[in-house]
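Below is one structure, written out as structure tokens; comments come after it.
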Amino acid sequence: MIRPATDDDLPSIVYIWKDNIETNNTSNDIVFAFRRFRKYWFVSESDRIAGFVAGTVKSSTRGHISGIAVLEEYQGCGMGNGLLSMLENAFISDGFKNITLEVRMNNMDARKLYERRGFEQTHVVKGYYPDGEAAMNYEKVLRDIKGNLLVGSLGVRGFKNAAFEDVVRYFQDK
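Here our numbering is used: the first residue of the sequence shown is 238, the next is one more, and so on.
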């Protein structure tokens, strides 16, 4: 089941974040960001919290994916895709025009997921991560210059994503 994150989820989110995302963010940084932007944080749970997505606001028109991670044993089952859909829908509902994110250059699985979902590479930031690795920046345009929505209700250009509906149904049945 994918749902909005709560205060009770913070220990699991911090654990998954720190275990899966190499970052300079401290546990306090993560909690602070959650308290400020909780509306854009979602978790996926099966028998426990298995993944999360953390959204923040960069401007009145731009949402940002600050972090997304799924425990290894749950990877490959569509959970990351479902989490992204929930966050994209929240950004769409609030009228954002685009979404941005950074991802490690060598994280090809994540990059493929973002590209399948309509994100486009914008530029490279050298030395972005603590170990010196570069990040690829991505952007997804949600609305045209007149504010018309360019994506369907599930965050995929032009049509509903049946695979996402199957994922939601799967986790709701658990």
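Glycine included, C-beta positions come from ideal geometry on N, C-alpha and C. The structure displayed is predicted, hence computed values, not measured ones.
Give every residue of the same chain whose Cβ lies closer than 7 Å to the Cβ of residue i, excluding the five residues on either side of it in the sequence, and list them in chain order.
{"i": "Y365", "result": "E339, A371 and A372"}
{"i": "I302", "result": "V290, G292, L324, I336 and L338"}
{"i": "L308", "result": "I253, A287 and G288"}
What does residue i pair with, by DSSP beta-bridge criteria?
{"i": "R299", "result": "N335"}
{"i": "I305", "result": "V290"}
{"i": "I239", "result": "S281"}
{"i": "V340", "result": "M373"}
Taking residue i as the reference, which of the options has the closest Cα?
{"i": "V362", "options": "D244, N385, R341 and F274", "result": "R341"}
{"i": "S330", "options": "E259, N385, Y252 and N257", "result": "N385"}
{"i": "G292", "options": "K349, A347 and R273", "result": "R273"}
{"i": "R240", "options": "R285, N344, K255 and K295", "result": "R285"}
{"i": "F271", "options": "K349, T243, I258 and T359", "result": "T243"}
{"i": "D368", "options": "H301, E259 and I267", "result": "E259"}
{"i": "N318", "options": "G332, D346 and S297", "result": "D346"}
{"i": "L350", "options": "K383, T263, N326 and C314", "result": "C314"}
{"i": "N374", "options": "D381, H360, I382 and N257", "result": "H360"}
{"i": "I382", "options": "M316, G332 and S264", "result": "G332"}
{"i": "V268", "options": "M238, D245 and M316", "result": "D245"}
{"i": "N326", "options": "K295, N262 and L387", "result": "L387"}
{"i": "M238", "options": "G355, S322 and R348", "result": "S322"}
Can you list, in chain order, the residues of its chain whose CB lies under 6 Å from that of residue i, leaving out five sequence neighbours each side?
{"i": "V290", "result": "F279, I305, L320 and L324"}
{"i": "D181", "result": "As displayed, the chain neither begins before 238 nor continues past 411, which places residue 181 out of reach and without an answer."}
Can you tell me where the alpha helix (DSSP H) holding residue i begins and where it ends?
{"i": "M323", "result": "M316 to S330"}
{"i": "F279", "result": "Not the alpha helix (DSSP H): F279 falls in the beta strand (DSSP E), residues W278 to E282."}
{"i": "R348", "result": "M345 to R353"}
{"i": "L247", "result": "L247 to N257"}
{"i": "V268", "result": "S264 to F274"}
For residue i and residue j, which I take to be in contact (beta-carbon distance under 8 Å), what is that distance rounded to the nearest angstrom?
{"i": "K276", "j": "R299", "result": "That pair is no contact at about 15 Å."}
{"i": "E376", "j": "E357", "result": "6 Å"}
{"i": "Y311", "j": "S283", "result": "7 Å"}
{"i": "F328", "j": "L379", "result": "7 Å"}
{"i": "S264", "j": "M316", "result": "No, S264 and M316 are not in contact; Cβ-Cβ is about 23 Å, not under 8 Å."}
What residue range is occupied by the uninterrupted beta strand (DSSP E) comprising residue i?
{"i": "Y375", "result": "A372 to V378"}
{"i": "V361", "result": "E357 to V362"}
Which same chain residues, not among the five before or five after residue i, have their C-beta less than 8 Å away from its C-beta?
{"i": "N343", "result": "E370"}
{"i": "I250", "result": "A242, I267, F271, W278, V280, I286, F289 and A291"}
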